[in-house]
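>
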Amino acid sequence: MKKLTILLATALLVLAGCSSKPDSEWPEWFDVQAEPDTYFYGFGEGVSQDSNLAARQARLNAQAQLAEAFSIYVESEARQAGQVDLGDPATSGTFISAIQARVQETVTSIEADKAERIRLPDGSTRVFVRMRMPRNQGARTGREILDEFEERMRETRKN
Numbered sequence: 002m003k004k005l006t007i008l009l010a011t012a013l014l015v016l017a018g019c020s021s022k023p024d025s026e027w028p029e030w031f032d033v034q035a036e037p038d039t040y041f042y043g044f045g046e047g048v049s050q051d052s053n054l055a056a057r058q059a060r061l062n063a064q065a066q067l068a069e070a071f072s073i074y075v076e077s078e079a080r081q082a083g084q085v086d087l088g089d090p091a092t093s094g095t096f097i098s099a100i101q102a103r104v105q106e107t108v109t110s111i112e113a114d115k116a117e118r119i120r121l122p123d124g125s126t127r128v129f130v131r132m133r134m135p136r137n138q139g140a141r142t143g144r145e146i147l148d149e150f151e152e153r154m155r156e157t158r159k160n
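With the numbering used here as the guide, the letters of the sequence shown map in order to residues 2 to 160.
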């Protein structure tokens, strides 16, 4: 009877171990835009044997995502204001170069507001980063980009 009890107890422990909830693959805050009306977000992930390289990858990925969200916002604002005819190739090229330069400059100055490092079983490090930029800062910078664009277009028309 003791052997049967030990066997059943062992089986229950094994089954209980199999049914336990595995750790999440990423932090609960990752890829969640908690306040989309207040902030632009960028999320990044990096994995490397070198933890500094993993952190750099994650930061660059977050910056790229943040830059994309911000660029879309500026382009949308310009279209809604009727300031930009993106159907005209000359206008479109000038506008896109103005956006890209300022967006990169702006996003590069944004610091990560959340980061988490996880050591993986193989010894590498996985880093998650969240960056966010206040929408009011984005609106000011977007207005500056549109003003700069108008100035460039005036210069182009003079020549």
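Built from N, CA and C at the ideal position, the CB exists for glycine as well.
#1: Return the residue from the list E149, T39, V128 and A102 that minimises the CA-CA distance to E69.
#2: Taking only three categories from DSSP, how would you classify E78?
#3: Closest by CA to L67, which one among I97, A56 and M132?
#4: T107 to P28, Cα distance in whole Å?
#5: Please name the residue or residues paired with E46 in a DSSP beta bridge.
#6: Give every residue of the same chain whose Cβ lies closer than 7 Å to the Cβ of N62, excluding the five residues on either side of it in the sequence, and list them in chain order.
#7: Taking 6 Å as the limit between beta carbons, can you name the residues of its chain near A65, skipping five residues before and five after?
#8: Would E36 pass as a contact of G143 if the rule is Cβ separation under 7 Å?
#9: Express the C-alpha separation of T39 and R153 in angstroms, rounding to a whole number.
This is what the structure holds:
#1: Translated into the one-based positions of the sequence shown, residue 69 becomes position 68. Considering only alpha carbons, the answer is A102.
#2: Against the sequence shown, residue 78 aligns to sequence position 77. Helix at E78.
#3: To locate residue 67, count along the sequence shown from 1; it is residue 66. The residue with the shortest Cα to Cα distance from L67 is M132.
#4: Translated into positions along the sequence shown, residue 107 becomes position 106. Translated into positions along the sequence shown, residue 28 becomes position 27. In a straight line, the C-alpha of T107 is about 26 Å away from that of P28.
#5: For the purposes of this step, residue 46 is taken as the residue at position 45 of the sequence shown. In the DSSP output, where bridge partners are listed per residue, E46 has F129.
#6: As a position in the sequence shown, residue 62 is number 61, starting the count at 1. For N62, where only same-chain residues beyond five positions count, the Cβ hits under 7 Å are G45, E46 and G47.
#7: Reading the sequence shown from its first residue, position 64 is the one you call residue 65. If we look at A65 and ignore the five residues flanking it on each side, it has no Cβ neighbours.
#8: Position 35 of the sequence shown, counted from the first residue, corresponds to residue 36. Position 142 of the sequence shown, counted from the first residue, corresponds to residue 143. Cβ atoms of E36 and G143: not closer than 7 Å.
#9: Here the question's residue 153 lines up with position 152 in the sequence shown. Here the question's residue 39 lines up with position 38 in the sequence shown. Put simply, the backbone Cα of R153 is about 30 Å away from that of T39.
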